[in-house]
Amino acid sequence: VYVELRNGIQMPIIASGVPGSDFAANTKIILDSKVAHIDTAYQYGNQRGIGLGLQGYNRTSYFLTTKIPECGSNDLKDTSRCGELSTGLMDQNLEELGVKYVDLMLVHRPPHGGCSSLCKIVQDQWRAVENFYYAGKTRAIGVSNYCQECFECLEATQRVVPMVNQVEYHVGMGSNPHELLSYSASHGIVIEAYSPLGGSSGKAIHNDRVVSIAKEYQKTPAQIALKWILQHNSTFVTASANKNYLLEDLDVFNFKISSSDMEKLDAETSPGGSICDDEKSMLSPGAAAIIVTVITLFCFAVGFVTYFRCVKKPRTHEEVSMDEFSSGGKTDSENTRNFQAVEQTGESWEEDDEEHIGSTLERKCEVAEPVHSC
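The sequence shown begins at 999 in our numbering and counts up by one.
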């Protein structure tokens, strides 16, 4: 089943990333399971293995998506040469995959700092992607994690409107988070959902409403969660090298969720998520107020204790040293299933465990990609 992009290219609506360590073998499993859309990225570190796995398959028998990092990332630090360096990375993607062209090239995310303040480099990078498209090295182009402000930035100089926007989208986020789905529909941009099961832990398939509706339809919770996305006119990308799981994901076209059940799923607020980077970088007024209050109370408490100690007795040299010393830090396993998500906000491959329990089958989520999982 395909969706037609603005330029007439047909894109399979179900895609899979390539998890595990034997990327060549897992690529073959995915394609032999009739999932004809492979999703990868420069930062995933699996493209050479995928390229080996693609050997022997007719190039027109599969759809291949890859991505380049945003300008300002570790791979594209020199923002003054953003366009030039982006072209180099796109060519490197083709070389690693062993192909002369890809079907869809995406910009992985907006630059850190946002599109409004860094609009110039966003435009420069998109110009390079457009040139790559005009050179015949990709059949379609798009973005990932873009909100309206990023599209508005591109409008001033773009020759081609992005055809796809790959974002986090699943039950629990509402039917039209950030009004991005309605915006995309009005601009002819196809939404492709990563984290279709609700993040790296697959929380959407444990949602009571999803589980209840799955029993009613005699489907698995995963199939209900994926069908919900499809009925909102969006596509999705999962990731598994388990043929049974892949076949389960494909088996979502022989039923329809009723309008009343769709409304119930639309109303769910858990698990939450952030559909684009603007949203991810913003705190709600309520959350901001709580943080400010906590910091204020903490500072007051520290000041009071310090004053009390100073008044009560002289401080020794050791006390001063210890009081002024502080330390802090910040502190996902194996190939269980991961749905293209870990939210596309990072640059490393993180592997998370997650349980995926169907109505009659217990599944575990297999690690897909890092920056953007299950």
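The beta-carbon is built from N, C-alpha and C at its ideal position, and this holds for glycine as well.
The structure presented is a predicted model; accordingly, all values stated were derived computationally and were not measured.
Could you give the C-beta distance for residue i and residue j, rounded to a whole number, given that I count them as a contact under 8 angstroms?
{"i": "Gly1170", "j": "Pro1108", "result": "Gly1170 to Pro1108, Cβ: 23 angstroms. No contact."}
{"i": "Ile1139", "j": "Glu1128", "result": "7 angstroms"}
{"i": "Leu1074", "j": "Ser1084", "result": "7 angstroms"}
{"i": "Thr1273", "j": "Tyr1167", "result": "Strictly speaking, residue 1273 in this sequence is Ile, with Thr absent from that position. That belief holds up - the Cβ atoms of Ile1273 and Tyr1167 are roughly 6 angstroms apart, short of 8 angstroms."}
{"i": "Pro1017", "j": "Ser1238", "result": "7 angstroms"}
{"i": "Asn1143", "j": "Asp1275", "result": "5 angstroms"}
{"i": "Thr1063", "j": "Leu1003", "result": "That pair is no contact at about 12 angstroms."}
Does DSSP put residue i in a helix, in a strand, or in coil?
{"i": "Glu1002", "result": "strand"}
{"i": "Met1161", "result": "coil"}
{"i": "Ala1237", "result": "strand"}
{"i": "Val1097", "result": "coil"}
{"i": "Gly1051", "result": "helix"}
{"i": "Val1141", "result": "strand"}
{"i": "Thr1025", "result": "helix"}
{"i": "Thr1267", "result": "coil"}
{"i": "Thr1136", "result": "strand"}
{"i": "Val1250", "result": "coil"}
{"i": "Ile1273", "result": "coil"}
{"i": "Ser1084", "result": "helix"}
{"i": "Asp1089", "result": "helix"}
{"i": "His1110", "result": "coil"}
{"i": "Asn1056", "result": "coil"}
In the DSSP assignment, find the alpha helix (DSSP H) that holds residue i and state where it starts and stops.
{"i": "Met1260", "result": "Ser1257 to Asp1264"}
{"i": "Lys1065", "result": "From DSSP, Lys1065 is part of no alpha helix (DSSP H) but of the beta strand (DSSP E) over Phe1061 to Ile1066."}
{"i": "Val1127", "result": "Cys1117 to Tyr1132"}
{"i": "Phe1149", "result": "Gln1146 to Glu1153"}
{"i": "Tyr1181", "result": "Leu1178 to Ser1184"}
{"i": "Pro1219", "result": "Pro1219 to Leu1228"}
Buried or exposed for residue i, please, with buried defined as at least 16 other CB atoms from any protein chain shown within 10 angstroms of its CB.
{"i": "Val1303", "result": "Bear in mind that the predicted position of Val1303 carries a pLDDT of just 47, short of 50, making it unreliable; the figure below should be weighed with that in mind. Exposed, since its Cβ has fewer than 16 Cβ neighbours within 10 Å."}
{"i": "Ala1034", "result": "buried"}
{"i": "Glu1082", "result": "exposed"}
{"i": "Leu1245", "result": "exposed"}
{"i": "His1110", "result": "exposed"}
{"i": "Asn1231", "result": "exposed"}
{"i": "Gly1134", "result": "exposed"}
{"i": "Asn1205", "result": "buried"}
{"i": "Asp1089", "result": "exposed"}
{"i": "Arg1057", "result": "exposed"}
{"i": "Asn1252", "result": "exposed"}
{"i": "Gly1186", "result": "exposed"}
{"i": "Arg1157", "result": "exposed"}
{"i": "Gly1054", "result": "exposed"}
{"i": "Gln1123", "result": "buried"}
{"i": "Val1162", "result": "buried"}
Along the beta strand (DSSP E) that carries residue i, what are the first and last residues, could you check?
{"i": "Glu1190", "result": "Val1188 to Tyr1192"}
{"i": "Gln1008", "result": "Gln1008 to Pro1010"}
{"i": "Gly1105", "result": "The question names Gly, yet the displayed sequence has Val at residue 1105. Leu1102 to Val1105 is the extent of the beta strand (DSSP E) around Val1105."}
{"i": "Ile1036", "result": "His1035 to Asp1037"}
By DSSP's criteria, residue i is part of a beta bridge. Which residues make up the other side?
{"i": "Glu1214", "result": "None, per the DSSP bridge assignment."}
{"i": "Glu1166", "result": "Tyr1192"}
{"i": "Ser1014", "result": "Ile1036 and Thr1236"}
{"i": "Thr1373", "result": "Summary: the structure shown does not reach residue 1373, with the chain confined to residues 999 through 1372, and so no result is reported for it."}
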